[in-house]
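First up is the structure itself, then whatever we jot down about it.
This is the structure in structure tokens:
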């Protein structure tokens with residue numbers, strides 16, 4: 349690495365990064381304590397970041413700071429740009445209700461935590477109505493494709509195939525009435541199953557390539573950054 | 002008593018979903034009532050309720066791993082490393098957070114100087130409130146900030162960094178310029194001819210604000226908490242995460258070898274699109290076998306993958322909708338139901 353000072357913070361950053369990669373890849377040989385330690389380290393670091401992120405980006409700036417009046421910076425003469433909004437005190441209600449979660453730690457009063465868990469489940473259910481319909485509607489309208497496109501035979505064939513796959517896969521999950529052996533539904537669902545296999549194959553290929561991209565990036569890091577940084581030790 | 006509690010839980014579950022359900026299905030205005038008027042506040046409150054559980058996760062981690070360490074159970078050292086990493090990053094994040102907050106507060110204070118000058122002039126015009134002590138307070142504050150930079154004793158002092166000395170000198174000049182312009186504004190207000198001077202003062206304060214922003218950014222990036230935070234992120238978190246996920250590539254390939262052998266019709270159908278998608282994504286090299294593969298790959302993803310996944314999604318979405326209604330109306334058997342749990 350040109351321009352990287354030995355034992356500087358950047359050097360240690362690269363050195364530790366490579367060490368971490370080696371520790372994780374050591375799992376390929378067999379499960380070992382070296383891998384376990386770094387796996388736990390990753391969980392610890394991730395947990396800390398996941399805990400702090402919502403506090404930094406939401407809890408403090410949007411709730412606690414205005415509630416405590418700390419979002420108002422005084423002018424040089426000691427007056428404030430705007431008065432404290434008493435409506436911020438209303439934040440205490442959801443915060444107090446949310447604190448009921450902690451009763452889950454008390455066997456006697458755990459039912460109080462169930463109130464807030466139930467409330468959250470209800471909110472999740474209420475939001476999912478909107479979420480599902482908002483997500484489904486554009487896909488549903490896009491699925492109504494013209495089977496004959498004027499002047500484009502290829503496009504027409506593509507659309508026919510699209511609808512064919514959609515309907516056959518639908519038929520695989522259609523259990524509302526009894527299927528007669530060798531009936532249309534049985535054949536259609538067999539085709540649907542085959543189409544799904546093709547779809548899973550394509551998805552599988554895309555997933556492998558995404559993982560491979562990560563692997564290549566790590567190998568590039570090891571070869572282009574870590575090894576030159578390490579070799580500075582005996583140069 | 003238990004039945005009453007269960008009814009209460011069901012009631013809270015119903016209330017939780019009711020607003021968001023109605024907010025979606027009802028029109029925005031019903032007569033004179035605007036239904037979603039407080040939607041932002043209600044969403045904020047719901048998020049706050051959820052966020053209160055953050056500490057619970059932390060307590061559980063400390064309980065599970067703390068007990069393992071105290072009792073020296075198997076894997077106690079791993080737990081120790083986990084808690085050490087957690088505590089270290091938490092402390093770093095807290096220090097970084099504190100610094101970042103101090104930085105944004107100071108920047109807001111400097112931004113507010115322009116607002117302050119406007120207010121002082123307006124209140125003098127409308128209510129005849131004395132402007133002199135108020136503008137003197139601003140001049141004093143500018144003097145304090147300037148001295149702090151000179152003595153390297155505030156967030157505006159960056160130490161001996163690249164470009165920082167130049168920016169520090171710029172800050173001192175801007176603060177002096179702003180103080181002098183404010184002094185002139187006082188005189189102009191006395192003579193009741195202040196329009197031009199006020200504009201000059203506001204321009205000086207705007208300049209000061211941009212230099213302050215630059216200085217605070219330099220200071221923040223140079224702070225130990227920030228640098229060590231970056232060290233942990235780039236030296237541990239990113240490589241560990243990437244390596245962990247790339248490790249799966251080996252296992253996926255190994256699983257593919259076992260399942261993709263031509264043993265059944267489905268295996269063949271699974272393998273061919275997978276191969277096309279993989280080969281179609283390779284831009285060059287020995288595995289770049291055919292120039293038309295990217296187009297075939299695109300066609301497969303658009304006309305086979307999309308409708309098949311869409312059909313699966315429609316089915317699961319309808320099932321999800323039904324499940325949501327059951328949860329919302331507490332028709333679903335739930336571990337929250339204490340009576341059922343006891344049975």
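Protein chains in written order, with this note's numbering: chain A, 349 to 583; chain B, 2 to 344. Note that beta-carbon positions come from the ideal geometry of N, C-alpha and C, so glycine has one too.
With contacts defined as CB atoms closer than 8 Å, residue 313/B and residue 517/A qualify as a contacting pair.
The DSSP-derived three-state label of residue 385/A is helix. The Cβ of residue 459/A sits closer than 8 Å to at least one Cβ of chain B.
Put simply, the CB of residue 504/A is far from chain B, with every gap to its CB atoms at 8 Å or more. Interface with chain A (8 Å Cβ-Cβ cutoff): residue 131/B is excluded.
Rounded to whole angstroms, the gap between the alpha carbons of residue 411/A and residue 119/B is 29 Å. Inter-residue distance for residue 220/B and residue 104/B is about 9 Å (C-alpha atoms, whole angstroms).
In the same chain as residue 529/A, and ignoring 5 residues on each side of it, no C-beta atom comes closer than 6 Å to its own. If you draw a straight line from the Cα of residue 366/A to the Cα of residue 574/A, it comes to about 6 Å. Comparing C-alpha distances from residue 87/B to each of 421/A, 417/A and 395/A shows the shortest one belongs to 395/A. Only those residues of the region 558-570 of chain A whose C-beta falls short of 9 Å from the nearest C-beta of chain B are listed: 558, 559, 560, 561, 562, 563, 564, 565, 566, 567 and 569. In this structure residue 513/A does not touch residue 318/B by the C-beta definition: roughly 18 Å separates them, more than the 8 Å allowed.
Straight-line spacing of the CA atoms in residue 571/A and residue 435/A works out to 58 Å.
By alpha-carbon distance to residue 141/B, the top candidate from 181/B, 242/B and 58/B is 181/B.
Close CB contacts of residue 520/A within its chain, under the 6 Å cut and outside five residues either way in sequence, are with 537, 540 and 541 (chain order). In the three-state reduction of the DSSP assignment, residue 421/A falls in the coil class, being assigned neither a helical nor a strand state. Look at the region 218-239 of chain B: the residues with a C-beta under 9 Å from a C-beta of chain A are 228, 229, 231, 232, 233, 234, 235, 236, 237, 238 and 239. DSSP places residue 545/A inside the alpha helix (DSSP H), whose first and last residues are 532-569. The beta carbon of residue 206/B sits closer than 6 Å to those of 114, 115 and 179, all from its chain and outside the five residues before and after it, given in chain order.
In this structure, 390/A is the residue among 450/A, 355/A and 390/A with its C-alpha nearest to the C-alpha of residue 239/B. Non-local beta-carbon contacts of residue 510/A in its own chain, meaning distances under 7 Å to residues more than five positions away in sequence, involve 493 in chain order. Taking 8 Å as the CB threshold, residue 14/B lines the interface with chain A.
By the criterion of a C-beta distance shorter than 8 Å, residue 385/A is surrounded in its chain by 371, once the five residues flanking it on both sides are discounted. Any Cβ of chain B closer than 8 Å to the Cβ of residue 477/A would place that residue at the interface, and such an atom is present. Between residue 204/B and chain A, the shortest Cβ-Cβ separation is not below 8 Å. Excluding five sequence positions before and after residue 580/A, the CB atoms of its chain that fall closer than 6 Å to its own CB belong to 354, given in chain order. Taking each of 545/A, 576/A, 558/A and 578/A in turn and checking the Cα distance to residue 249/B, the smallest one comes out for 558/A.
Under the Cβ distance rule, residue 292/B does not count among the residues neighbouring chain A, no pair being separated by less than 8 Å.
Listed in chain order, the alpha helix (DSSP H) elements of length 4 or more contained wholly in the region 422-482 of chain A are 440-446. One Cα belongs to residue 199/B, the other to residue 106/B, and the distance between them is close to 25 Å. Boundaries cannot be given for residue 380/A, as no alpha helix (DSSP H) includes it and DSSP labels it neither H nor E. Using a CB distance cut-off of 8 Å, residue 329/B counts as an interface residue toward chain A.
Residue 249/B reaches chain A at 559, counting residues in chain order whose Cβ is nearer than 8 Å. Taken atom to atom, the span from the alpha-carbon of residue 51/B to that of residue 468/A is near 7 Å. Think of a sphere of 7 Å around the beta carbon of residue 63/B: no beta carbon from chain A falls inside it, the nearest being about 11 Å out. In the three-state scheme derived from DSSP, where H, G and I count as helix and E and B as strand, residue 35/B is classed as strand.
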